[in-house]
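> Residues 620 to 1318 (the numbering used here) are what the sequence shown spells out, left to right.
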Amino acid sequence: MTLENATLANISFSDTQIKIKRGTAAEWTAANPVLAVGEPAFETDTGIMKIGDGVTAYNSLDYVGTESFSGSEIDTLLTTVNSSNISATHKITRSATIVIAASDSSAKGKAQADYVCDGTADNVEIQAALDALPATGGEIHFLDGTFQLAATVARAIDNVTLSGCGISTYIKYDNITACISVGVQAGWEIKDIRFDFGGVDISTGTKWSISNMWRDKRYEPITPVLIDKWSADNVAPASAGNFTGEYLNHPLIQISENFETETWTDTGTGATVTYDTDVYMTGTKSLKVVTAVGARSILRSPIIETYYQDVSNTSFGMWVRSPDISKLGSFVLYLKNTISVHAASTRSFVAAANDEWIFIVFSHFNITGEFNPAAVRYFEIYVNTTTGNSSTVYIDSIYYWKRCLTPKGAITFTFDDGDESVYELAKPAFDKYKYAGVGSLVLNSATPTRVEYAKELQNSGWDIVNHSYDHVVAHQSGDPETQYLLMQKWLAENGFKSGSRFAILYGGYNDAEIVRALNNNVLMTRSTSSGWNSLPAAGTLLVAQYAKSDVTVATLKTYIDAAVANGTWLNLIFHYITTGTPASEYEYTLSGLTELIEYCNTVGIEVITYSQAVDRIRSTSQHLTLSGTGTITNGTTSVNIRHGFHKAPTSIQITPTSSLGSAASIWVSSKDTGTGNLFTVSVNDNPGADVTFEWTAVL
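1) Would SER1079 and LYS1046 be called neighbours here (beta carbons separated by less than 8 Å)?
2) Compute the Euclidean distance between the alpha carbons of VAL1302 and VAL1317, then round it to the nearest angstrom.
3) In its own chain, which residues sit with a C-beta less than 6 Å from the C-beta of ARG1069, not counting the 5 before and 5 after it?
4) Have a look at THR1198, THR880 and THR1025 and flag the residue whose alpha-carbon is nearest the alpha-carbon of ILE1227.
5) Looking only at DSSP bridge pairs, what is ASP895 linked to?
6) Identify whether THR1213 lies in helix, strand or coil by the three-state DSSP scheme.
7) Rounded to a whole number of angstroms, what is the C-alpha to C-alpha distance between CYS1219 and TYR1178?
8) In chain order, which continuous runs of the beta strand (DSSP E) of length 3 or greater are located wholly inside the region 632-657?
9) At the level of alpha carbons, what is the spacing between SER724 and ASP733?
10) For the 8 Å Cβ check, are there 3 or more pairs between the region 961-980 and the region 879-893?
11) Kindly indicate which three-state DSSP category ARG1145 falls into: helix, strand or coil?
12) Could you compute how far the alpha carbon of GLY824 sits from the alpha carbon of ILE1271?
13) If we count Cβ pairs, one from each stretch, closer than 8 Å, do we get three or more for the region 932-952 versus the region 1000-1020?
14) Give the single residue among TYR1207, ALA1232, CYS798 and ALA644 whose Cα lies nearest to the Cα of ALA1156.
15) Is LEU1279 helix, strand or coil when you go by DSSP?
16) In whole angstroms, give me the CA-to-CA distance for ILE776 and ILE790.
17) Touch check for the region 1058-1072 and the region 1196-1213: three-plus C-beta pairs under 8 Å?
18) By Cβ distance, which residues of its chain are closer than 6 Å to LEU680, with the 5 residues on each side in sequence left out?
19) For the alpha helix (DSSP H) that GLY728 lies in, which residues bound it at each end?
20) Count the other CB atoms, across all protein chains shown, that sit within 10 Å of the CB of SER822; report buried if there are 16 or more and exposed otherwise.
21) Where does ASP1082 sit, in a helix, a strand or coil, going by DSSP?
22) Excluding sequence positions up to five away, which residues of its chain have a Cβ less than 8 Å from the Cβ of ASP847?
23) How many Å lie between VAL951 and ALA963 at the Cα?
24) Does ASN816 come out as helix, strand or coil in the three-state DSSP assignment?
25) Using a Cβ-Cβ cut-off of 6 Å (strictly less than) and excluding sequence neighbours within five positions of TYR677, which residues of its own chain qualify?
26) On the three-pair Cβ rule with 8 Å, is the region 997-1009 touching the region 897-914?
27) Starting from TRP849, trace the beta strand (DSSP E) both ways and give me its first and last residue.
28) How many Å lie between GLY1307 and ILE1285 at the Cα?
29) Do you know offhand how far LEU1160's Cα is from GLY1150's?
30) Give me whichever residues DSSP pairs with GLN1164 in a beta bridge.
31) Is GLN767 helix, strand or coil by DSSP?
32) Determine the direct distance from the alpha carbon of ASN1259 to that of LEU1247, and round the result to whole angstroms.
33) The beta strand (DSSP E) with ASN1259 in it runs from where to where?
34) From GLY1249 to PHE1312, what distance separates their C-alpha atoms?
35) Do the CB positions of ILE795 and GLY817 come within less than 8 Å of each other?
36) Quick check: what's the CA-CA separation for SER1146 versus SER1153?
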């Protein structure tokens, strides 16, 4: 049997040896034989061999099993395999278009990533990844690890998804500037990523969506806040709704003038006055005014020889609209007995956009001369334009209401910023009289201690309200949704649902975009514009008075006195309370605050929170009571009194405060005459002298 004829079946391996030709590499090179087909040749000094093909000389044959690859050659091979159209069982699979690894991602993750960051200016790699997406969009997936940026990343395409591995994917910049800017693009989705305080700028984007995203607070401790689900179509998940419709339909609110009779005129200021049946808020028309260039327009109601209406203890409001809000400044409402005897109230015009109806309120009037509120003969409206401009204005439905919800005046102490001193110093002074105030929180500075203090204040009857997310001036005007609506959501989800209905503005407090965003989602919003408010129609923005370190206690007491005298609602703005000398304008002394609280108790003004103000407005019985005095003069047997409700009262009680004289009885002969909300009080005979009385009407 030869080896060529041998098979595994007829060979006995126990007594068989197979030897092949062998020699050193040099010996084989010198001999250079032609090996037969399949004939092996072994080099004893190198441990490798060649196999013949029956044609090629030894020196030209390849060695068997000696191929090797460098690391770069393997990387190239893996890249080729990854991009090839081979079986999915051999190819690396992924759900994203592009994968980015951090400098501290795992080795396995880096091996599979399209881009690997080095921990310095990682925005370079991230920007390159964004730029590599097709114009139709795509997804970029960030592996776990920390990405340190040196610039904001953005690209002007729609439909981009940025996803991470949860809170372990951390993208950070300088803890204030946005890490990612969506710009004006649509359809961006950000999910499962933690950002530093800079976060994502979505202020002008559309159809964006955020889910399971964390954003750091700005100050220590920098703990991330979870945004679980938020989108452009759902920017107000904790919305409290719009309050304007409620108070305009309140039983106390009445229309004083609807301009349907077309009797108002210009007083000679060069304005054009017409009545527009295409643009109006209520009824069928509005008063349209085109002012002269750079001139103030004065509009006058008809002059009534007896009286127009009794405006005692009354506030006013009206609808205003302009096609170019940049040219409109402010309004002044005059209630006049004569040219020189009047009451006047000024209100600035704040609007979000051209051609939007805004309800402005005149709560507090300054008196000139011996003004008699029961003998107003005519009204005037001053329209003030911005410098050098002519303005077109539409005015509709002047409303009025008696200030009976705060007959002794009311005051709300508000504290911005959520400082610890409010709980540690201010609260004990309030507790003495069982008063409560309005505190606030800013999310970026809401330390665990401040949050716990806020909960304790809330347990004592305080409102804890929204004071923005960032408390950064540059962020306020351009991004009201992030600033206030996200903070509203956080308050509602973290135990402050009642207070989440309210906001006290910071930074761009007169910015109309903020006003519009909050007016649809927040019941009451306090600005820093000066003035007093009037319930039930508080208006779009609550006005307030500052209590800074340079404002004396005596001055603040005059604000309180004015609220008591006029039955109006005063908001005072405080920040930090100190037991020493104030170190900044925003600190106020504890002794000064305590003196003010004692003064409130002395003068009998009501100390209320925002929640109590809303409850009072929404009450259907407890506070719908009006009262006043009247006189039946000698020689008459009756008098008409204006009750102040929009319809006939349920009951009217008469209490004589003088003798009835020759009359035997006094009574209400009519609860509503049908003209001007009047009721009639009568006696059975000529009394022979004036009869005075007090009245109380209940709706």
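The C-beta atom is built at its ideal place from N, Cα and C for all residues, glycine as well.
Let me lay it out:
1) Yes.
2) Cα to Cα, VAL1302 sits roughly 22 Å from VAL1317.
3) GLY1037.
4) Ranking the options by Cα distance to ILE1227, first place goes to THR1025.
5) Per DSSP, SER905.
6) Look at THR1213 here: in three-state DSSP terms it is helix.
7) Spanning the alpha carbons of CYS1219 and TYR1178 requires a straight line of approximately 11 Å.
8) You should have 640-642.
9) Straight-line Cα distance between these residues: approximately 13 Å.
10) For the pair of segments examined, the region 961-980 was found not to touch the region 879-893: the number of CB pairs separated by less than 8 Å stays below three.
11) Three-state result, ARG1145: strand.
12) In a straight line, the C-alpha of GLY824 is about 58 Å away from that of ILE1271.
13) Cβ pair count under 8 Å is three or more, so yes.
14) Checking every option, the nearest Cα to that of ALA1156 belongs to ALA1232.
15) If DSSP states are grouped into helix, strand and coil, LEU1279 belongs with coil.
16) Taken atom to atom, the span from the alpha-carbon of ILE776 to that of ILE790 is near 21 Å.
17) Output reads no: the region 1196-1213 does not touch the region 1058-1072.
18) For LEU680, same chain residues with a beta-carbon under 6 Å away, outside a window of 5 residues either side, are LYS669 in chain order.
19) GLY728 -> alpha helix (DSSP H) spans 726-731.
20) Per the 10 Å Cβ criterion, buried.
21) Three-state result, ASP1082: strand.
22) These residues qualify, in order along the chain: SER830 and ASN831.
23) CA-to-CA, the gap between VAL951 and ALA963 works out to about 7 Å.
24) Note that residue 816 corresponds to Phe in the displayed sequence, not to Asn. In this structure, PHE816 counts as coil in the three-state DSSP scheme.
25) Sequence-distant partners of TYR677 (beyond 5 residues in either direction) whose C-beta falls short of 6 Å from its own C-beta, in its chain, are TRP647, ASN651 and PRO652.
26) The region 997-1009 makes contact with the region 897-914, as at least three CB pairs between them are under 8 Å.
27) Start and end: 843-850.
28) For GLY1307 and ILE1285, the distance between alpha carbons rounds to 14 Å.
29) Distance between the alpha carbons of LEU1160 and GLY1150 is about 11 Å.
30) Looking at the DSSP output, GLN1164 sits in a beta bridge with LEU1191.
31) Note: GLN767 maps to strand in three-state DSSP.
32) At residue 1247 the sequence reads Gly, which differs from the Leu that was named. In this structure, the straight-line span from the alpha carbon of GLY1247 to that of ASN1259 is close to 13 Å.
33) Note, ASN1259: beta strand (DSSP E), 1257-1261.
34) Rounded to the nearest whole angstrom, the CA to CA distance from GLY1249 to PHE1312 is 5 Å.
35) Against a cut-off of 8 Å, the Cβ pair of GLY817 and ILE795 comes out as a contact.
36) Distance between the alpha carbons of SER1146 and SER1153 is about 15 Å.
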